[in-house]
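Participant: 7 is the number of the first residue of the sequence shown in the numbering used here; add one for each residue after it. For glycine and all other residues, C-beta sits at the position ideal for the given N, C-alpha and C. Mind looking over this structure? Questions follow.
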Amino acid sequence: MTNGVVLTETNQPTPQGRVPRLQLQGINKYFGGVHALKHVDFEVFDGEVVGLVGDNGAGKSTLIKTMSGAYIPDEGGIYLDGERVTIQSPQDSTRLGIETVYQDLALCDNLDVVGNLWLGREAHKTLIPGVLKVLDETEMERQTLDVLKTLDVKIPSVRSPVATLSGGQRQCIAVAKTILRKPKVVLLDEPTAALGVAQTRQVLNLIHRLKDQGLAVVVISHNLHDVFEVTDRIIVMRLGQRIATFDTATASREEVVGAITGATVASAQDIA
Numbered sequence: 007m008t009n010g011v012v013l014t015e016t017n018q019p020t021p022q023g024r025v026p027r028l029q030l031q032g033i034n035k036y037f038g039g040v041h042a043l044k045h046v047d048f049e050v051f052d053g054e055v056v057g058l059v060g061d062n063g064a065g066k067s068t069l070i071k072t073m074s075g076a077y078i079p080d081e082g083g084i085y086l087d088g089e090r091v092t093i094q095s096p097q098d099s100t101r102l103g104i105e106t107v108y109q110d111l112a113l114c115d116n117l118d119v120v121g122n123l124w125l126g127r128e129a130h131k132t133l134i135p136g137v138l139k140v141l142d143e144t145e146m147e148r149q150t151l152d153v154l155k156t157l158d159v160k161i162p163s164v165r166s167p168v169a170t171l172s173g174g175q176r177q178c179i180a181v182a183k184t185i186l187r188k189p190k191v192v193l194l195d196e197p198t199a200a201l202g203v204a205q206t207r208q209v210l211n212l213i214h215r216l217k218d219q220g221l222a223v224v225v226i227s228h229n230l231h232d233v234f235e236v237t238d239r240i241i242v243m244r245l246g247q248r249i250a251t252f253d254t255a256t257a258s259r260e261e262v263v264g265a266i267t268g269a270t271v272a273s274a275q276d277i278a
């Protein structure tokens with residue numbers, strides 16, 4: 007064990023007496039002859055931000071897609087609040103309170119902010135019982151303003167077309183869309199990729215607010231500067247395995263880079 011890092015998969019630092027909000031145990035995933043995930047354990051607690059890092063092909067995206075229901079694990083268990091659950095589709099994941107914001111955001115540029123947040127689950131009001139319902143624009147706008155205020159997201163107007171917003175604002179809208187569904191876990195895939203300095207700051211502040219709301223947050227990122235700023239723990243994937251866990255407050259960037267590249271593991275094996 008080095009400063010803040012554990013290099014074994016069985017000795018994970020977890021808060022005593024706490025049950026993880028989301029936990030994966032012994033996850034294996036195969037794509038033909040490729041063993042993409044190898045006996046991976048993972049956990050994230052309420053009010054915690056976990057950074058998931060690793061080189062390209064390390065398995066982090068596959069792990070996130072397993073949590074989100076895009077992939078079904080071949081072996082292993084998934085637990086929510088200590089109870090084993092079955093996730094076989096993104097719909098299952100959403101019903102359980104696990105929301106994913108992918109890098110491409112999946113927003114509709116031609117719709118305004120309200121339209122994007124409520125797309126596919128619009129609120130209605132009844133004009134003629136059993137005969138006629140119409141969109142409840144007033145209620146949707148009210149709830150949109152509430153969630154944006156809670157997350158301290160600043161935009162010109164909730165009726166602004168998404169196409170007119172900056173990259174940082176669009177990322178915040180994508181996150182707000184998930185928060186409207188009252189999730190328990192939020193998975194963020196490269197949330198600051200291709201953003202400028204000011205836009206990145208906006209998104210990092212948003213991640214802090216998600217933590218303050220008591221949500222369990224998982225961030226995939228190649229930007230270690232951002233990871234060190236917003237996370238409580240850093241989990242390193244390499245070649246389909248979880249090979250290191252760091253306490254962000256006590257770890258150094260050199261240690262994390264060493265684990266990502268395999269240098270730390272090789273050094274530990276040489277000493278042994």
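Thinking L201 and T106 are a contact (beta carbons under 8 Å), I'd like their distance in whole angstroms, please.
Facilitator: Going by Cβ atoms, the distance from L201 to T106 rounds to 19 Å, so no, they are not a contact pair.
Participant: Identify every residue that forms a DSSP beta bridge with I226.
Facilitator: In the DSSP output, where bridge partners are listed per residue, I226 has L58, D195.
Participant: Where K367 and G103 are concerned, what is the direct C-alpha to C-alpha distance, given to the nearest angstrom?
Facilitator: In the structure as shown, the chain starts at 7 and stops at 278, and residue 367 therefore has no counterpart that could be examined.
Participant: Give every residue of the same chain whose Cβ lies closer than 7 Å to the Cβ of D142, excluding the five residues on either side of it in the sequence, and list them in chain order.
Facilitator: A129, H130, K131
Participant: D80 to L221, Cα distance in whole Å?
Facilitator: 28 Å
Participant: Is K232 buried or exposed, if buried means 16 or more other CB atoms sit within 10 Å of its CB?
Facilitator: Looking at the sequence itself, residue 232 is Asp, so the reference to Lys does not match. Answer is buried; the Cβ neighbour count reaches 16.
Participant: Mind checking which residues open and close the beta strand (DSSP E) that includes G83?
Facilitator: 81-86
Participant: Cutting at 8 Å between CB atoms, please list the residues of its own chain near G60, excluding the five before and the five after it.
Facilitator: K66, V242, M243, R244, I266
Participant: Considering Cα atoms alone, identify which of G268, F234, A269 is closest to F252.
Facilitator: F234
Participant: DSSP beta-bridge partners for N34?
Facilitator: According to DSSP, N34 bridges with E81.
Participant: Quick check: what's the CA-CA separation for D87 versus G38?
Facilitator: 32 Å
Participant: For the alpha helix (DSSP H) that A265 lies in, which residues bound it at each end?
Facilitator: Counting along the chain, the unbroken alpha helix (DSSP H) around A265 starts and ends at 259-267.
Participant: Kindly indicate which residue of R176, V25, E54, G82 has the alpha-carbon position closest to the one of D47.
Facilitator: G82
Participant: To the nearest whole angstrom, what separates the beta carbons of G75 and D98, a pair I think is in contact under 8 Å?
Facilitator: 5 Å
Participant: Who are the Cβ neighbours of V214 in its own chain at under 7 Å, not counting the five residues just before and after it?
Facilitator: According to the sequence displayed, residue 214 carries His and not Val. The answer, listed in chain order, is V236.
Participant: Which value, in whole angstroms, describes the spacing of the CA atoms of V25 and A250?
Facilitator: 21 Å
Participant: When the Cα atoms are used, what is the spatial distance from V159 to L212?
Facilitator: 8 Å
Participant: Report yes if the C-beta distance between L154 and A182 is below 8 Å; otherwise report no.
Facilitator: A contact, by the Cβ cut-off of 8 Å.
Participant: So is C114 buried or exposed if we call it buried at 16+ other beta carbons inside 10 Å?
Facilitator: exposed
Participant: With C-beta atoms as the reference, is L30 less than 8 Å away from G246?
Facilitator: no
Participant: Can you grab the Cα-Cα spacing for the pair Y36 / I93, in whole Å?
Facilitator: Counting only the Cα atoms, I93 lies some 17 Å from Y36.
Participant: Could you name the residues that DSSP lists as bridge partners for M243?
Facilitator: R248
Participant: Skipping 5 residues on each side, what residues in its chain have a beta carbon closer than 8 Å to that of V120?
Facilitator: Taken in chain order, the residues that qualify are E143, M146, E147, T150, V164, R165.
Participant: Whole angstroms are fine: how far does the CA of V137 sit from the CA of D218?
Facilitator: 44 Å
Participant: Here's a check: name, in chain order, each residue in its chain whose Cβ is nearer than 7 Å to the Cβ of V55, leaving out the five neighbours to either side.
Facilitator: I213, K217, V223, V225, V236, T237, D238
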